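Each remark here refers to the structure printed beneath this line.
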Amino acid sequence: FSVVWQGLAFLPLITAGSSTGALRFGGTSRDYIQWTEPDLSAFSSQFSVCGWIKRRFNSLLPVVLHYYPHSGAFLLGARGNHNYVVGTNIDLMNKYSSVPDEQWFHLCLTWSSSDYLSTVYLNGQQIGQKKTRERQVSGVSRGRMSIGNLATSKHPDYIFGGDLYKLNIFSTRLSLSEISRMSANICSNEEARLNRYGGLRWEDIVLKPRSGSVTEISMCDNGEPTIIQDSRSEPEVLDDILDRLQETEDELTQIKTDLNEELEVTKARLQRSEDNFESLNITLRDTQEELRIAREALAVMETAMDNIVTKLNSTEQDLAEAREDLVLSEENLQSIAESWNETLSELETAKKKEVYSRWDVLYSEKFLNKKLTKEMVQDRELESNGGLLGIFVGMNITNDVISYLKSRHEENMVCLHSEI
């Protein structure tokens, strides 16, 4: 039957066949898929592991999926014995007794760090729930992923040896309605719709390296749409479709809200970037002006330094000349001292030869080049009459004056000898 809603016609549960088949695992411990260091960072806070399983091999504890970092992340078994999530296991073997071998069944394991609850669903029905001991998935990029046996070691008790189809790991905790729709029929496209959450897809898993006997088998690929016989009544199907449409509308509304929020955030970031750019421009201009002032100041300082250097050079030259003058002065002083000593020596010699006159005393420092005063004339060292020396009072006692006085003295001495 068809359903018409707001002018649109729907064929409920009519789906196209999957382009990827199922995988059949052999019954030995060498038959598995494994790869190292998968990127599971998207599953660190929440995830859902869901897939279709058919048991064909009667092992004790068949393992479907095992991810093993340092302390273990999750382990999913085919008989309910393993429902292990971040350090906590839920043993549900008694719940699987109604599922015979050689029959497909849908299994889903979910977990979220928001409440630390691990929940197990069998064929769309919740069969177990438990709060986990650990609070996050550890080693999200350093572990090993194995399908068909343990990731740590390959033991006969853990051989899967069955068929596996559409095993996906979604990076969210799926709702009960999403899991119910996915488990309604093995050939539906519900998994493709849920891939919008991101995660590890079945289409990627089948490409991983295989060990031993792991072969593909056909599923839902006859080339024609597969019409799923649904036991639900038309109102139930319609309600389901309306629920899906409502969910889609809600999702679109949320996407629109998120986009608007992101747009506002982007606008705010752009405005801040423009403000920062303008601030940087102002800072750049200020810095350029400071550099210009600094260059001018440096030029002034360089000029001042040149002047100082010039003055220093001139001062050094003046000092050199002063040193030369000082040397000459020292030489002159030495010459004067030598002359003075010679004069004193001549005086002493004259006294000894009795040719020393009273005027020779005028050569002494006491009288020479001094202005002659009345007091000097009366000095007992001169032993003169005031008449001859008195005419020079007020004049400097120079060599010429002394020579004149000595010549007059010599004339007097000549006259005296003549009279004798």
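Heads up, the sequence shown is in my numbering, so the first residue is 571 and it goes up one at a time. Note that the Cβ used here is the ideal one computed from N, Cα and C, for glycine as well. Since this is a predicted model, take the numbers as computed values, not measurements.
Extent of the continuous beta strand (DSSP E) to which A592 belongs
A592 to F595
Using a Cβ-Cβ cutoff of less than 6 Å, which residues in the same chain neighbour P608 once the five nearest sequence positions on both sides are dropped?
M715
In this structure, how does DSSP classify S572 when only helix, strand and coil are distinguished?
For S572, the predicted structure reports a pLDDT of 39, less than 50, and the residue's modelled location is therefore unreliable. A value from the coordinates is still provided. Of the three classes helix, strand and coil, the one that applies to S572 here is coil, per DSSP.
Would you mind sorting E748 into buried or exposed? The rule is 16 or more other CB atoms within 10 Å of its CB.
buried
Please classify F675: does DSSP put it in a helix, a strand, or coil?
strand
State the start and end residues of the unbroken alpha helix (DSSP H) segment that holds E786.
Where E786 is concerned, there is no enclosing alpha helix (DSSP H), although the beta strand (DSSP E) it sits in stretches over V784 to I787.
Starting from D521, trace the alpha helix (DSSP H) in both directions and tell me its first and last residue.
Lying before the first or after the last residue shown, residue 521 is absent from the chain, which here runs from 571 to 990.
Do you know offhand how far S843's Cα is from V690's?
49 Å
Can you say whether R802 is buried or exposed, counting buried as having 16 or more other CB atoms within 10 angstroms of its CB?
Its pLDDT being 48, under 50, R802 is placed unreliably in this model, and the value from its coordinates should be taken loosely. Exposed: under 16 other Cβ atoms inside 10 Å.
Coarse secondary structure for N877, derived from DSSP in three states:
helix
Here's the rule I'm using: 16 or more other beta-carbon atoms within 10 Å means buried, otherwise exposed. How should W681 be labelled?
buried
Under 8 Å: do the region 621-640 and the region 689-704 share three or more Cβ pairs, one atom per stretch?
no
Would you call the region 609-627 in contact with the region 735-744, where contact means no fewer than 3 C-beta pairs closer than 8 Å?
yes
Using the DSSP secondary-structure output, state which residues sit across from K700 in a beta bridge.
S688
Cα separation between G964 and M946?
11 Å
Our contact map puts K778 next to I623 with C-beta atoms below 8 Å; I'd like the distance itself, whole angstroms only.
That belief does not hold up - the Cβ atoms of K778 and I623 are roughly 18 Å apart, past 8 Å.
Span separating the alpha-carbon of F937 from that of E894
32 Å
Grab me the residues of D685's own chain with a C-beta within less than 8 Å of its C-beta, minus the 5 sequence neighbours each way, in chain order.
K701
Curious, which full-length beta strand (DSSP E) runs of at least 3 residues does the region 732-769 contain?
733-740
Please report the residue range of the beta strand (DSSP E) in which W605 lies.
Y602 to T606
CB R600 to CB S783, shorter than 9 Å?
yes
Ignore the nearest five residues each way along the sequence and tell me which others in N659's own chain have a CB closer than 8 Å to its CB.
L645, H652 and N653
N-terminal and C-terminal residue of the beta strand (DSSP E) that V655 is part of
N653 to V655
To the nearest angstrom, how far is it from the Cα of L850 to the Cα of L840?
15 Å
N-terminal and C-terminal residue of the beta strand (DSSP E) that M715 is part of:
R714 to I717
If I follow the unbroken alpha helix (DSSP H) through V947, where does it start and stop?
K944 to V947
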